[in-house]
Amino acid sequence: MIFITESTIEKYISQYEILENYLRDIKFLLSEHPDLMAFIDEENNNLLTKDEIALLEYLTVVIYFSSKDQYRHQLKISGSEIEKSEEANWETFNNAASKSFTKILDIYFTSYPQEDLLALVEDALQPDEDNPVTIVGREIIFVSCKSIIDSLHIMNL
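Take the sequence shown: its position 76, counting from 1, is numbered 64 in the numbering used here, and each next residue is one higher.
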């Protein structure tokens, strides 16, 4: 498995400070990976705020293109693989002995091969006065992003 580095992730975060770059890449995902975009749209239906939807979309673009950069080819991802990963991730989340979000995240980080991508998601979900994320939104965004990371790396070994 190829490890996605923090420096690669930071490269895309910097690149997306220019709105045109971000819009170009989200347009690419809409046309080339409709299953991926349908998955994040499905998550948005009625439980996430507009800001949370935007955060989930942004994280998805950073995750995808950071991964693509390291793999150096067009990535494969399918709706069925994402759903399978999501189901497993929700099962882990719901079966956690602790109900503390931070302690639950520790379970996911244990021996996880894409730790830097997961840390990106964790950092984005930290409480922030300017961009508050609801408790439900935090859980949905984390599990969704973890499922996307899992699927990308399972399908592109």
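Backbone N, C-alpha and C fix where the C-beta goes; we use that ideal spot for every residue, glycine too.
When the Cα atoms are used, what is the spatial distance from residue i to residue j?
i, j, result
"M25", "S135", "13 Å"
"H21", "S88", "34 Å"
"L11", "Q102", "25 Å"
"Y52", "E74", "16 Å"
"I14", "K56", "14 Å"
"I70", "D118", "31 Å"
"K64", "F81", "26 Å"
"L145", "I128", "26 Å"
"N83", "K91", "12 Å"
"N77", "D116", "25 Å"
"S2", "N9", "10 Å"
"E(-6)", "Y100", "15 Å"
"A85", "T37", "28 Å"
"W30", "I41", "The question names Trp, but residue 30 is Glu in the sequence shown. If you take the alpha carbons of E30 and I41, they lie about 10 Å apart."
Could you round the C-beta distance between residue i and residue j to whole angstroms and report it? I think they count as a contact, below 8 Å.
i, j, result
"L35", "V124", "6 Å"
"L43", "V121", "7 Å"
"D39", "S66", "Not really, about 29 Å apart at Cβ, beyond 8 Å."
"Q58", "T98", "That belief does not hold up - the Cβ atoms of Q58 and T98 are roughly 22 Å apart, past 8 Å."
"E110", "L93", "6 Å"
"L113", "R126", "5 Å"
How far does the alpha helix (DSSP H) with residue i in it extend, from its first residue to its last?
i, result
"H141", "I123 to M143"
"L148", "What is shown of the chain runs -11 to 145, which leaves residue 148 out entirely."
"D94", "F89 to F97"
"Q58", "K38 to Y59"
"N83", "No alpha helix (DSSP H) holds N83; DSSP gives it neither H nor E."
"I(-3)", "E(-6) to Q3"
Please identify the residue among the options whose C-alpha is closest to the C-alpha of residue i.
i, options, result
"E5", "V49, E127, I142 and S19", "V49"
"L105", "F130, P115 and G67", "F130"
"I28", "M143, L140 and C133", "C133"
"I137", "I95, A107, P115 and R126", "A107"
"E(-2)", "L113, S54 and F(-9)", "S54"
"F16", "Q62, I128, A85 and N77", "Q62"
"I(-10)", "Y0, R60, L7 and L18", "R60"
Say whether chain B places a C-beta atom closer than 9 Å to the C-beta of residue i.
i, result
"Y10", "The question asks about chain B, but that chain is absent: this structure has only one protein chain."
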